[in-house]
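Enquirer: Please read through the structure below; I'll follow up with questions.
Number of protein chains: 2
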Amino acid sequence: MTVEYDGANYFGWQLQKGQITVQQVIEEALKILYKTPIRIVASGRTDAGVHARNQVVHFDVPAADPFRLKRALNGLLPRDVVIKHCVRAESNFHARFSALSRSYSYTIATNPTALERHYAWSVYFALNLTLMQRAAEVIGRQTDFQAFCKVRSDVKHYECRIFESRWITRQERLVYYIRANRFLHGMVRAIVGTLIEVGRGKLTLKEMLQIIEKKDRRLLPATAPARGLVLEHVYYD
Amino acid sequence: MTVEYDGANYFGWQLQKGQITVQQVIEEALKILYKTPIRIVASGRTDAGVHARNQVVHFDVPAADPFRLKRALNGLLPRDVVIKHCVRAESNFHARFSALSRSYSYTIATNPTALERHYAWSVYFALNLTLMQRAAEVIGRQTDFQAFCKVRSDVKHYECRIFESRWITRQERLVYYIRANRFLHGMVRAIVGTLIEVGRGKLTLKEMLQIIEKKDRRLLPATAPARGLVLEHVYYD
């Protein structure tokens, strides 16, 4: 299934005791339909407050009409979580392990905005877009992202292959777009926080590279807030 | 000033006893700054729940630095009302009477959406876009819009010159765009409600024309909900 959600009211994707998560509300809806607990697997987690336009999940259920299942789920789900597409997958499909890459967008509003306030980080100081674009290209050439990974992550390695890393401008919005084979915990928001510091002249490209080489996130500037971040697409073969 | 607002939490633009309106919160902010009541004039009203991307207002105050005024107001206003631009106007400028035309957009989501649920009308039945486009062209050729005007409006005449009336498709969105010299009360939402009935095959183009000729809104299908409607631009000389 492809799932779109507004992360504002959720404590992220993954099930968590005492917190409402997106995974939980979808599993609860499935349990109502199938009268038995059904575990769903997503392409990856998203943090508290982060949105998704096309999160992909898989699960195993008895044969069902995908269109009717989608409709039934949307009837049960809260309005900030919607099933966009539902199809029968190959039996060896795995939402997480079959994924070849994921893309995220991060939206910066360079002027105050009322209509997009839930989905953008408002940054009013002057930004040098040329420098930010150059910094985004530098990010695209890196392979070790330990400096951008939350300290307590229990990953085996910090290697990521970046396929795209660039800024797109749309009127008074700057949208950072990044696609990679994998993302570490908190990575995109740490990158965006860093690129913004470069754009406002508080960090040079050289200093950014030094932080990356030292692999120490504690040297990084503040991370960007969750509300600007959207998991856009998950790519499969 | 150019003002963007999310209309969801307001009882429309215009001051109204016992209700919170956009005009009221801006006038309250101005009163705090100037320590005296200041009346503002908008290009036109918007109804409860309707949004604006570029509403234009004027008011008379002692000379002030427009940039600082904008910043001070944004510091006082709630996050769903923002001042986008503030400039010193010619003394004969009038936000309403100097306006030559206004444009509105109305967004239809043809698939469920979580991220745009506050700004779109979700319409899931099959729509014939070709018919809707033809109906929009027919609307563009009309001059008397009494059939699309709320019954208790106290306007002197129902003539509107339409400069643009068309559907634009963007992925799973249909956006109706209309620009005219003036709009009657409830007019755009009544038009959109009608175009959707044409699109789903419940109303023929001929029947639509008959309703327009009869000038009786009570014959019209249901009006479209407020949340999809945005006042986009106001055009001056």
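Sequence order for the protein chains is A and B. When we follow the numbering used here, the leftmost residue of the first sequence carries the number 225, and every step to the right adds one. When we follow the numbering used here, the leftmost residue of the second sequence carries the number 225, and every step to the right adds one. We treat Cβ as the ideally placed atom computed from N, Cα and C, and that holds for glycine. Computed from a prediction, not measured in an experiment: that's the story for all the values here.
1. Roughly how many whole angstroms lie between the Cα atoms of R390(A) and Y400(A)?
2. Give the list of continuous alpha helix (DSSP H) stretches no shorter than 4 residues that lie fully inside the stretch 279-306 of chain B.
3. Does the structure place the stretch 323-340 of chain A close enough to the stretch 407-417 of chain A that three or more beta carbon pairs sit under 8 Å?
4. Rounded to a whole number of angstroms, what is the C-alpha to C-alpha distance between E437(B) and E431(B)?
5. Could you compute how far the alpha carbon of I307(B) sits from the alpha carbon of R277(B)?
6. Quick check on this structure: which residue in R406(B), A360(B) and P336(B) has the alpha carbon closest to the alpha carbon of Q370(B)?
7. Which two residues bound the contiguous beta strand (DSSP E) that contains A232(A)?
8. What span of residues does the beta strand (DSSP E) with V249(A) cover, start to end?
9. Going along chain B, which residues have a C-beta under 9 Å from R341(A)?
10. Please identify, using Cβ separations under 9 Å, the residues of the stretch 310-339 of chain B that lie next to chain A, in order along the chain.
11. Quick check: the Cα distance between H208(A) and I264(A), rounded to an integer number of angstroms?
12. Flag H457(A) as yes if its beta-carbon sits less than 8 Å from any beta-carbon of chain B, otherwise no.
13. Could you name the residues of the same chain whose beta carbon sits closer than 7 Å to that of R269(A), not counting the 5 residues immediately before and after it, in chain order?
14. Would you kindly work out how many angstroms separate the C-alpha atoms of R295(A) and T418(B), rounded to a whole number?
15. So V422(B) and A359(B) are supposed to be a Cβ contact under 8 Å. How far apart are they, rounded?
16. Is N298(B) buried or exposed, if buried means 16 or more other CB atoms sit within 10 Å of its CB?
17. Whose Cβ in chain B lies nearer than 8 Å to the Cβ of R277(A)?
18. CB Y234(A) to CB A338(B), shorter than 8 Å?
19. Would you list, in sequence order, the uninterrupted beta strand (DSSP E) runs of no fewer than 3 residues that lie entirely inside the stretch 299-368 of chain B?
20. Determine the extent of the beta strand (DSSP E) in which L453(A) is found, giving its start and end residues.
21. Go to I435(A), then tell me how far its beta strand (DSSP E) extends in each direction, as first and last residue.
22. Output the distance between the C-alpha atoms of A404(B) and I392(B), rounded to the nearest integer angstrom.
23. Using beta carbons (cut-off 8 Å, strictly below), is N298(B) in contact with chain A?
24. Using C-beta distances below 8 Å, list every residue in its chain close to V362(B), excluding the 5 sequence neighbours before and after it, in chain order.
25. So is the beta-carbon of R413(A) under 7 Å away from any non-hydrogen atom of the ligand ZN?
26. Quick one: Cα of G425(B) to Cα of S346(B), how far?
27. What residue does the beta strand (DSSP E) around I392(A) start on, and which one ends it?
28. Quick one: measure Cβ to Cβ for D271(B) and A446(B), integer angstroms, because I've assumed they're closer than 8 Å.
29. Can you look up V265(A) in the DSSP assignment and give me helix, strand or coil?
30. Do K380(A) and R483(A) count as a contact pair if the criterion is CB distance below 8 Å?
31. According to the neighbour-count rule (16 or more other Cβ atoms, all chains shown, within 10 Å of its Cβ), is F372(B) buried or exposed?
32. Tell me whether L398(B) sits in a helix, a strand or coil according to DSSP, three-state version.
33. For V227(A), which three-state DSSP category applies?
34. Alpha carbons only, please: which of L453(A), A448(A), H309(A) and M225(A) is nearest the one belonging to R320(A)?
Expert: Looking at the coordinates:
1. Here residue 390(A) refers to the residue found at position 166 of the first sequence. Here residue 400(A) refers to the residue found at position 176 of the first sequence. Just so you know, the alpha carbons of R390(A) and Y400(A) end up roughly 6 Å apart.
2. Runs of the alpha helix (DSSP H) inside the stretch 279-306 of chain B: 290-300.
3. Yes: the two stretches touch, three or more of their Cβ pairs being nearer than 8 Å.
4. In the second sequence, counting from the first residue as 1, residue 437(B) sits at position 213. In the second sequence, counting from the first residue as 1, residue 431(B) sits at position 207. Their Cα atoms are separated by approximately 10 Å.
5. Here residue 307(B) is taken as the residue at index 83 of the second sequence, counted from 1. Here residue 277(B) is taken as the residue at index 53 of the second sequence, counted from 1. One alpha carbon belongs to I307(B), the other to R277(B), and they sit about 10 Å apart.
6. Here residue 370(B) corresponds to residue number 146 of the second sequence, with the count starting at 1. The candidate whose alpha carbon is nearest that of Q370(B) is R406(B).
7. Looking up residue 232(A) in the first sequence gives position 8. It is not in any beta strand (DSSP E) - A232(A) carries neither H nor E in the DSSP assignment.
8. As a first step, residue 249(A) must be located in the first sequence, where it is residue number 25. Membership of V249(A) in any beta strand (DSSP E) is not indicated; the residue belongs instead to the alpha helix (DSSP H) covering V246 to Y258.
9. Numbered from 1 along the first sequence, position 117 holds the residue referred to as residue 341(A). Listed along the chain, the chain B residues whose CB falls inside 9 Å of the CB of R341(A) are D230, R303, D304 and V306.
10. Of all residues in the stretch 310-339 of chain B, N335, P336, T337, A338 and L339 have a Cβ within less than 9 Å of some Cβ in chain A.
11. This structure cannot settle anything about residue 208(A), because the visible part of chain A is limited to 225 through 461.
12. Here the question's residue 457(A) lines up with position 233 in the first sequence. For H457(A), the answer is no, since every Cβ of chain B falls outside 8 Å of its Cβ.
13. On the first sequence, residue 269(A) is found 45 positions in, with the first residue counted as 1. Counting only Cβ-Cβ distances below 7 Å, and skipping sequence neighbours, we find G236, W237 and Q238.
14. Position 71 of the first sequence, counted from the first residue, corresponds to residue 295(A). Position 194 of the second sequence, counted from the first residue, corresponds to residue 418(B). Linking R295(A) to T418(B) through their CA atoms gives a straight-line distance of about 26 Å.
15. The residue you call residue 422(B) lines up with position 198 of the second sequence. The residue you call residue 359(B) lines up with position 135 of the second sequence. Distance from V422(B) to A359(B) at the Cβ level is roughly 4 Å; contact confirmed, criterion being Cβ atoms closer than 8 Å.
16. Here residue 298(B) corresponds to residue number 74 of the second sequence, with the count starting at 1. Result: buried.
17. Within the first sequence, residue 277(A) is the residue found at index 53, counting from 1. Taking a Cβ-Cβ threshold of 8 Å, the residues of chain B close to R277(A) are L339, in chain order.
18. In the first sequence, counting from the first residue as 1, residue 234(A) sits at position 10. In the second sequence, counting from the first residue as 1, residue 338(B) sits at position 114. In this structure, A338(B) does not lie closer than 8 Å to Y234(A) by Cβ.
19. Taking only runs of at least 3 residues, the beta strand (DSSP E) segments lying wholly in the stretch 299-368 of chain B are 305-309 and 325-333.
20. Numbered from its first residue, the first sequence carries residue 453(A) at position 229. L453(A) -> beta strand (DSSP E) spans L453 to Y459.
21. Start at 1 with the first residue of the first sequence, and residue 435(A) comes out as number 211. Here I435(A) belongs to no beta strand (DSSP E); instead the alpha helix (DSSP H) covers L429 to K438.
22. Here residue 404(B) refers to the residue found at position 180 of the second sequence. Here residue 392(B) refers to the residue found at position 168 of the second sequence. One C-alpha to the other measures close to 17 Å.
23. In the second sequence, the residue the question calls residue 298(B) occupies position 74. Any Cβ of chain A closer than 8 Å to the Cβ of N298(B) would place that residue at the interface, and such an atom is present.
24. In the second sequence, residue 362(B) corresponds to position 138, counting from 1. For V362(B), where only same-chain residues beyond five positions count, the Cβ hits under 8 Å are L429, M432 and L433.
25. Here there are no bound small molecules, and the ligand ZN is not part of this structure.
26. In the second sequence, counting from the first residue as 1, residue 425(B) sits at position 201. In the second sequence, counting from the first residue as 1, residue 346(B) sits at position 122. When rounded, the distance between both Cα atoms is 17 Å.
27. Here residue 392(A) corresponds to residue number 168 of the first sequence, with the count starting at 1. I392(A) -> beta strand (DSSP E) spans I386 to R394.
28. Taking the first residue of the second sequence as position 1, residue 271(B) is located at position 47. Taking the first residue of the second sequence as position 1, residue 446(B) is located at position 222. D271(B) to A446(B), Cβ: 15 Å. No contact.
29. The residue you call residue 265(A) lines up with position 41 of the first sequence. In the structure shown, V265(A) sits in a strand (DSSP, three-state: E or B).
30. What the structure shows of chain A is the stretch from 225 to 461, and residue 483(A) is not part of that stretch, so it cannot be assessed.
31. The sequence position of residue 372(B) within the second sequence is 148, counting from 1. Buried is the call here.
32. Counting from one through the second sequence, the residue named residue 398(B) turns up at place 174. In the structure shown, L398(B) adopts extended strand secondary structure according to DSSP, grouped into three states.
33. Numbered from its first residue, the first sequence carries residue 227(A) at position 3. The three-state reading of DSSP puts V227(A) in strand, counting E and B together.
34. Against the first sequence, residue 320(A) aligns to sequence position 96. Cα-wise, what sits closest to R320(A) is M225(A).
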